[in-house]
Amino acid sequence: MKPLILVIDDMKDERKLVRLLLRQYDCELAEAAGAEEGLVAARKRTPNLILIDHTMPQMKGYEAVAEFRTDPALCRVPVIMLSSRKFDPCFKDYMSLQGVTFLAKPVQAGALVSTIGSLIGALAPAPKKPALASAATAAACRV
25 MKPLILVIDD
35 MKDERKLVRL
45 LLRQYDCELA
55 EAAGAEEGLV
65 AARKRTPNLI
75 LIDHTMPQMK
85 GYEAVAEFRT
95 DPALCRVPVI
105 MLSSRKFDPC
115 FKDYMSLQGV
125 TFLAKPVQAG
135 ALVSTIGSLI
145 GALAPAPKKP
155 ALASAATAAA
165 CRV
């Protein structure tokens, strides 16, 4: 069964970047445009891993993680917190949240994949899509 990774980030381009980085792996991605939307999505379908941005408008990443940790179905789901800030005063709040790993933005493909692997197991390569038939083969098959 493919692992489900929930990507929570208010920036559409950041979600797209993660999607592009992980498309070569056999995993399922769900996306949320904010922490509240991410909480709803995670409660509907428990992910194997949550990737969440630190800085979002209504609810910060650490506040959402604190909510995840109070939910029995989500309390053990590993979280990767993404941040473009090297140091933030809020980081001390994360120390009390277990199962949170930090990666700096812009996230590097190798670092992301190896961190995911260390948390939920190595991601398998995506299955190869069958090659399209050549024009000659397609022409020969026409009725």
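Letter 84 of the sequence shown, counting from 1, is numbered 108 in the numbering used here, and no numbers are missing.
Even for Gly, the Cβ is constructed at its ideal location relative to N, Cα and C.
Note that the structure is a prediction, hence the values are computed from the model and not measured.
Three-state secondary structure (DSSP) at residue i?
| i | result |
| --- | --- |
| Val167 | Unreliable placement is indicated for Val167, whose pLDDT of 47 sits below 50; no coordinate value is reported for it. |
| Leu147 | coil |
| Thr125 | strand |
| Leu106 | strand |
| Leu28 | strand |
| Leu136 | helix |
Of the choices the options, whose alpha-carbon is the least far from that of residue i?
| i | options | result |
| --- | --- | --- |
| Glu61 | Asp33, Gln48, Leu46, Arg109 | Asp33 |
| Met35 | Ala150, Ala135, Asp77, Phe92 | Asp77 |
| Leu73 | Ala90, Leu106, Val31 | Val31 |
| Met83 | Ala57, Arg69, Lys68 | Ala57 |
| Lys40 | Ala148, Glu55, Gly85, Gly145 | Glu55 |
| Thr79 | Arg109, Ala150, Leu44 | Arg109 |
Under 8 Å between the Cβ atoms of residue i and residue j?
| i | j | result |
| --- | --- | --- |
| Leu75 | Val101 | no |
| Ala66 | Leu98 | yes |
| Glu38 | Ala59 | no |
As an exercise, report each continuous beta strand (DSSP E) stretch of at least 3 residues that is fully enclosed by the region 30-94, in chain order.
Scanning the region 30-94 from its first residue to its last, the whole beta strand (DSSP E) runs of 3-plus residues come out as 52-56, 73-77.
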